[in-house]
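Enquirer: Please find one structure pasted underneath; my questions will follow.
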Amino acid sequence: MPTVLIVDDAAFMRMMLKDILSKNGFEVLGEAENGQVAVNMYKELNPDIVTMDITMPEMNGIDAVKAIKAVNPGCRIVMVSAMGQQSMVIEAIQAGAKDFIVKPFQPDRVVDALTKVLG
């Protein structure tokens with residue numbers, strides 16, 4: 025069962041993602057509310073994949089991707105973006121993210137994106 029770290033500053037978004045993933049064969053190891061917490065949790069939990077929100081306090085998703093890439097160049101990160109964040113998504117992919125999903129979530133797309141990235 026693939027393991028996931030969910031990163032989003034909105035608790036209800038984390039809950040929605042956790043619900044979708046838990047029902048579809050993923051084990052959610054942890055949840056982080058900002059990029060700094062995400063980096064620390066990544067080091068501790070070493071999940072198979074991370075869902076990473078872009079806009080967060082303290083450390084945004086793009087900086088967190090760079091920090092996690094520095095810890096593990098082979099990390100798998102899928103960005104979570106709201107509409108209209110295309111330029112930030114591109115920046116995140118250039119920083120090392122593997123794919124992105126858009127809010128509001130479509131459960132099939134979430135599962136497909138993570139499954140594809142896990143390869």
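Residues 25 to 143 in my numbering are what the sequence shown lists, from first letter to last. Every residue, glycine too, gets a C-beta built ideally from N, C-alpha and C. Every value quoted in this text rests on a predicted model; they were computed, and no experiment measured them.
Under the rule that 16 or more other beta-carbon atoms within 10 Å means buried, what is K140, buried or exposed?
Expert: Exposed, because fewer than 16 other Cβ atoms sit within 10 Å of the Cβ of K140.
Enquirer: Using the beta-carbon count (16 or more within 10 Å), is P32 buried or exposed?
Expert: Here the sequence assigns Asp to residue 32, which means Pro is not the residue at that position. D32 should be labelled buried.
Enquirer: Measure from the alpha carbon of A137 to the alpha carbon of each residue in L41, V102, P128, then state which is nearest.
Expert: When each option's Cα is compared against that of A137, the closest is V102.
Enquirer: Express the C-alpha separation of I73 and V113 in angstroms, rounding to a whole number.
Expert: Each residue's alpha carbon lies about 17 Å from the other.
Enquirer: Does the separation of the CB atoms of A35 and V63 fall below 8 Å?
Expert: It is not a contact, given that the beta carbons lie outside the stated cut-off.
Enquirer: Excluding the 5 residues preceding and the 5 following P131 in the sequence, name in chain order all residues of the same chain whose CB lies nearer than 6 Å to its CB.
Expert: Once the five neighbours on either side are set aside, the close Cβ partners of P131 are I44.
Enquirer: By Cβ distance below 8 Å, which residues in the same chain neighbour P26 in space, the five residues on each side in sequence not counted?
Expert: The answer, listed in chain order, is G49, F50, E51, D72, I73, L138, L142.
Enquirer: Among K127, M37, A116, which has the Cα closest to the Cα of R100?
Expert: Residue A116 is the option with its Cα nearest to R100.
Enquirer: Three-state secondary structure (DSSP) at M39?
Expert: In this structure, M39 counts as helix in the three-state DSSP scheme.
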